[in-house]
Amino acid sequence: MKDVVQGRLVHLTEMRDGDAEWLQDTQWEPGLLRNLSADAIHPLTAQEYAEWATDPDSDDHYFFMVRANADDGLLGSVVLNNVYFKNRRASMGIALPVVSDRGQGYGQDAMQTILSFAFNELGLHKVNLEVNANNPLAIHAYEAVGFTREGVNREAIFQDGHWLDLYSYGILASEWRAVSRETEG
Numbered sequence: 001m002k003d004v005v006q007g008r009l010v011h012l013t014e015m016r017d018g019d020a021e022w023l024q025d026t027q028w029e030p031g032l033l034r035n036l037s038a039d040a041i042h043p044l045t046a047q048e049y050a051e052w053a054t055d056p057d058s059d060d061h062y063f064f065m066v067r068a069n070a071d072d073g074l075l076g077s078v079v080l081n082n083v084y085f086k087n088r089r090a091s092m093g094i095a096l097p098v099v100s101d102r103g104q105g106y107g108q109d110a111m112q113t114i115l116s117f118a119f120n121e122l123g124l125h126k127v128n129l130e131v132n133a134n135n136p137l138a139i140h141a142y143e144a145v146g147f148t149r150e151g152v153n154r155e156a157i158f159q160d161g162h163w164l165d166l167y168s169y170g171i172l173a174s175e176w177r178a179v180s181r182e183t184e185g
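In UniProt numbering, the protein residues as written are 1 to 185.
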């Protein structure tokens, strides 16, 4: 049986001692907050990160820390939000805050791993996400794991005095399984 929280390069874990402080410190990494598709957020404290990540009574929210297989080093976080079991869908968010950790395959592997959890463990049918139009590296990574652009929310993001489009992406379980088989073989 496949381990649904173990990828090729990364594995997903619970929040451990020191992780909330790491999230608090790395929220200031270049470009991280500006690439969020959500509205402006206030800086979070370690306690707020811990409370948000560890709500044991929530069935609509699955938060994981992303760690490197090589050394168990902390790379970031990934979350399934707004999990709707009747309609079998959820929204995904991922953050690898440290710039030097990006572009090494960790993000794509973390997405493959959380999608394995979503489709194989939770039995979801679809996972979607939103991304700013001016984030080509994230768009490339999403498309590489099989996400398809489903729509454009025109001029939905205000940044640097200009309006940007917000792209909506989705992936169906069947699409993910087809892409996963191609990349395994």
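Built from N, CA and C at the ideal position, the CB exists for glycine as well.
Buried or exposed (CB count within 10 angstroms, at least 16 for buried), residue 89: buried
Under the three-state DSSP convention, the category residue 63 falls into: strand
Sub-8 Å separation of residue 83 and residue 110 beta-carbons: no
Simplified DSSP assignment, three categories, for residue 54: coil
Option in 150, 11, 119, 180 with minimal Cα separation from residue 77: 11
Assigned secondary structure, residue 121 (DSSP; H/G/I helix, E/B strand, else coil): helix
Among 35, 26, 15, 74, nearest to residue 160 - alpha-carbon criterion: 35
Proximity test, residue 94 beta-carbon vs the ligand MG heavy atom, cut-off 7 Å: In the structure shown, the ligand MG is absent, as is every other ligand, since no ligand is present at all.
Same chain, Cβ closer than 8 Å to residue 14, neighbours up to 5 away in sequence not counted: 54, 64, 65
Length of the line joining the Cα atoms of residue 107 and residue 94: 8 Å
As assigned by DSSP and simplified to three states, the class of residue 133: coil
Sub-8 Å separation of residue 133 and residue 167 beta-carbons: yes
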